[in-house]
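Novice: This structure is in structure tokens; I'll ask about it shortly.
Rendered as structure tokens:
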């Protein structure tokens, strides 16, 4: 085994209180928890507030789907994936109908034509026939800086658990907020047009008064911070790494840490798109 110390990436402080947080996910979770304290969401100006527990569940589901969309964005355009939350779900039966898929594509196209027209990218949504399965599927072309990128949404995507999660979230939050809907935290309130806007406002309000410090490495910490976060056996975090194939591990270490530049470049180019977190 190899034991690797895991120092926190963030330090947050407010007044005399301070906390260390492991990574961006933990930071995000902390501020979501703070944001929901004394928070109220009203779908219109006459409706009672959504109770704290169901609101918290909706926020948790929303954040989970957004994290999943971020992972899928390596394969599909992220703006399209996010928009799918607000579009009707494409069912197996609908995929068999060219007119149904065509109508769905027209709705999606309308959003990118009307709402996203100021962007630097041009989106074209069309219907592609899958003759092998007798299905009709959406096809997305994006022109960016004069270059066309094609993204094919296949049958497996619409049958996946990821798409089901997107569709289920959409049923709960798409169109939830009416014209006079608003969000409230403490004595402050804000008119919002969507669940995403409400959560964004709550999070910004939650961050008020906090100072956030991001560490790039242990060299930025003073001796006291090093002890509190990384050296104290009572509170430090240690990652246990099990090396099952010592020869393969040694080859990777040699490639990345050795004197030869070309093997290192090839390794980076081959694995670059699989990187989830990159700290430069």
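Residue numbers (the numbering used here): 694 to 973. Each residue gets a CB set at the ideal place from its N, CA and C atoms; glycine is no exception.
Determine whether the Cβ of residue 876 lies closer than 8 Å to any Cβ atom of chain E.
Specialist: Absent from the structure is chain E; it holds one protein chain and no more.
Novice: Take residue 736 and list the residues in its own chain whose beta-carbon comes closer than 8 Å to its own, dropping the five residues that flank it on each side.
Specialist: Within the chain shown, the letter at position 43 stands for residue 736. Excluding positions up to five away in sequence, the list reads 743, 869, 870, 871, 874.
Novice: Can you tell me whether residue 878 is buried or exposed, with buried defined as 16 or more other CB within 10 angstroms of its CB?
Specialist: Residue numbering aside, residue 878 sits at position 185 when the chain shown is read from its first letter. Answer is buried; the Cβ neighbour count reaches 16.
Novice: Roughly how many angstroms separate the alpha carbons of residue 950 and residue 958, rounded to a whole number?
Specialist: In the chain shown, the residue the question calls residue 950 occupies position 257. In the chain shown, the residue the question calls residue 958 occupies position 265. Cα to Cα, the separation comes out at about 12 Å.
Novice: Assuming contact is defined by CB atoms lying nearer than 8 Å, are residue 697 and residue 932 in contact in what I supplied?
Specialist: As a position in the chain shown, residue 697 is number 4, starting the count at 1. As a position in the chain shown, residue 932 is number 239, starting the count at 1. Their beta carbons are under 8 Å apart, which means residue 697 touches residue 932 by this criterion.
Novice: Thinking C-beta only, is residue 702 closer than 8 Å to residue 907?
Specialist: Along the chain shown, one-based indexing puts residue 907 at 214. Along the chain shown, one-based indexing puts residue 702 at 9. Yes, they are a contact pair.
Novice: Is residue 760 helix, strand or coil by DSSP?
Specialist: Mapped onto the chain shown, residue 760 falls at position 67. Helix, per DSSP.
Novice: Using DSSP with H/G/I as helix, E/B as strand and the rest coil, what is residue 878?
Specialist: Looking up residue 878 in the chain shown gives position 185. Three-state DSSP puts residue 878 in a strand.
Novice: Jot down the residue ranges of each uninterrupted beta strand (DSSP E) in the stretch 775-837, minimum 3 residues, whole runs only, in chain order.
Specialist: 814-823, 828-837
Novice: Does any heavy atom of the ligand GTP sit closer than 7 Å to the C-beta of residue 959?
Specialist: With respect to small molecules bound, the structure shown includes none, and the ligand GTP cannot be examined in it.
Novice: For a test of the three-state rule: what should DSSP assign to residue 872, helix, strand or coil?
Specialist: One-based indexing of the chain shown puts residue 872 at position 179. The answer is coil: DSSP assigns residue 872 none of H, G, I, E or B.
Novice: If you drop the 5 nearest sequence neighbours on each side, which residues of the same chain put their C-beta closer than 7 Å to that of residue 882?
Specialist: For the purposes of this step, residue 882 is taken as the residue at position 189 of the chain shown. Closer than 7 Å at the Cβ level, and outside the excluded window around residue 882, lie 875, 876.
Novice: According to DSSP, residue 841 sits in a beta bridge with which residue or residues?
Specialist: As a position in the chain shown, residue 841 is number 148, starting the count at 1. DSSP, once it has assigned bridges, lists 836 as partnering residue 841.
Novice: Would you identify the three-state DSSP class for residue 711, choosing helix, strand or coil?
Specialist: Position 18 of the chain shown holds residue 711. In the structure shown, residue 711 sits in a strand (DSSP, three-state: E or B).
Novice: Assuming residue 697 is part of the alpha helix (DSSP H), what are its boundary residues?
Specialist: Counted from its first residue, the chain shown places residue 697 at position 4. From DSSP, residue 697 is part of no alpha helix (DSSP H) but of the beta strand (DSSP E) over 695-698.
Novice: So residue 863 and residue 778 are supposed to be a Cβ contact under 8 Å. How far apart are they, rounded?
Specialist: Within the chain shown, numbered from 1, the residue matching residue 863 stands at position 170. Within the chain shown, numbered from 1, the residue matching residue 778 stands at position 85. Correct: roughly 5 Å between the Cβ atoms.
Novice: So what's residue 730 in DSSP terms, helix, strand or just coil?
Specialist: Along the chain shown, one-based indexing puts residue 730 at 37. Looking at residue 730 - three-state DSSP - the assignment turns out to be coil, as it is neither helix nor strand.
Novice: CB-CB under 8 Å to residue 884, same chain, minus the five flanking residues each way: which ones, in chain order?
Specialist: Locating residue 884 in the chain shown gives position 191, where the first residue counts as 1. Within the same chain, Cβ atoms closer than 8 Å to the Cβ of residue 884 are found at 873, 874, 875, the five residues on either side in sequence being excluded.
Novice: Would you tell me roughly how many angstroms separate the C-alpha atoms of residue 840 and residue 833, rounded to the nearest one?
Specialist: On the chain shown, residue 840 is found 147 positions in, with the first residue counted as 1. On the chain shown, residue 833 is found 140 positions in, with the first residue counted as 1. The alpha-carbon atoms of residue 840 and residue 833 are separated by roughly 14 Å.
Novice: Please name the residue, chosen from 943, 741, 790, 919, that lies closest to residue 824 on a Cα-to-Cα basis.
Specialist: Along the chain shown, one-based indexing puts residue 824 at 131. With distances taken between Cα atoms, residue 824 lies closest to 790.
Novice: From this set, 827, 802, 826, 828, which residue's C-alpha is nearest residue 819's C-alpha?
Specialist: The sequence position of residue 819 within the chain shown is 126, counting from 1. It is 802.
Novice: Specify the secondary structure class of residue 883 as computed by DSSP and reduced to three states.
Specialist: For the purposes of this step, residue 883 is identified with residue 190 of the chain shown, where counting begins at 1. The answer is strand: DSSP assigns residue 883 an E or B state.
Novice: Taking buried to mean at least 16 other C-beta atoms within 10 Å of its own C-beta, is residue 946 buried or exposed?
Specialist: Taking the chain shown and counting its residues from 1, one reaches residue 946 at position 253. Answer is exposed; the Cβ neighbour count stays below 16.
Novice: Taking 8 Å as the cut-off, decide whether the C-beta atoms of residue 756 and residue 705 are in contact.
Specialist: Counting from 1 along the chain shown, the entry for residue 756 is found at position 63. Counting from 1 along the chain shown, the entry for residue 705 is found at position 12. Result no, Cβ atoms of residue 756 and residue 705 do not sit closer than 8 Å.
Novice: Exposed or buried, which one is residue 747 when buried takes at least 16 other CB atoms within 10 Å?
Specialist: The sequence position of residue 747 within the chain shown is 54, counting from 1. The residue is exposed, with fewer than 16 neighbouring Cβ atoms inside 10 Å.
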